[in-house]
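**Q**
Numbering (the working numbering), first residue to last: 39 to 242.
1) Can you tell me the Cα-Cα spacing of residue 240 and residue 90, whole angstroms?
2) Once you ignore the five residues that flank residue 106 on each side, which residues in its own chain have a CB closer than 8 Å to its CB?
3) Tell me whether residue 38 sits in a helix, a strand or coil according to DSSP, three-state version.
4) Determine the closest residue to residue 137 out of 225, 40 and 175, with distance taken between C-alpha atoms.
5) Taking contact to mean at least 3 C-beta pairs separated by less than 8 Å, is the segment 76-83 in contact with the segment 205-225?
6) Can you name, in chain order, every residue of its own chain whose Cβ lies under 7 Å from the Cβ of residue 162, other than the five neighbours on each side?
7) Taking Cβ positions, are residue 55 and residue 41 nearer each other than 8 Å?
8) Measuring alpha carbon to alpha carbon, tell me which of 50, 127, 154 and 242 ends up nearest residue 141.
9) Check the DSSP bridge columns for residue 42 and list the partner residues they point to.
10) Hey, out of 113, 109, 214 and 164, whose CA is closest to residue 145's CA?
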């Protein structure tokens, strides 16, 4: 199929972009409920002590009603943006391409966002630009449980859904200490492999 639907991640793992590069037009699921333990508010990077999860704090609604993803608010009482960027800087400062992308990534962690969805959308659009991917994006206007006419890739948002994505090893900064860690954030790939990132994804 030529179209697909994806949920919007916090940058997103390599498995997400492995599927994404197959399409020229996609839908972003904009009407779903917010769900915990997903890539909506977390990404995994390779730190000096191995895999490191960066988690965006999200406000609890205080209601029994399910919260819509587009309505979910970031808990900005914590200095999470500064912490996340410092973690990226510490992990990837010595990688081949961190400095090349630093000026594109850092503004995302300087501007204050209240909406998790809006922040992730900015991260996603920035990532598409860095990968030089020309993909048309449309937002869904209603929730559809099952699609028959487009590829449904929404399961990729689940952090604990699948672990074996046949991710081919590439050079990582700390691999001499802990070996290759599979399916990390797309930022790990960009900082270590660009400009070969897109070809790598297409050949997975």
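Ideal placement from N, C-alpha and C gives every residue a C-beta, glycine not left out.
**A** To lay it out plainly:
1) Residue 240 and residue 90: Cα-Cα distance of roughly 26 Å.
2) The beta carbon of residue 106 sits closer than 8 Å to those of 69, 70, 71 and 72, all from its chain and outside the five residues before and after it, given in chain order.
3) With the chain covering only 39 through 242, there is no way to say anything about residue 38.
4) Of the residues 225, 40 and 175, the one whose Cα lies closest to the Cα of residue 137 is 225.
5) With the cut-off at 8 Å, the segment 76-83 and the segment 205-225 touch.
6) Closer than 7 Å at Cβ, skipping near neighbours: 46.
7) Cβ distance not < 8 Å, so residue 55 and residue 41 don't count as in contact.
8) Closest option to residue 141, judged by alpha-carbon separation, among 50, 127, 154 and 242: 127.
9) Beta-bridge pairing links residue 42 to 64 and 189.
10) Checked all of 113, 109, 214 and 164; the closest Cα to residue 145 is 164.
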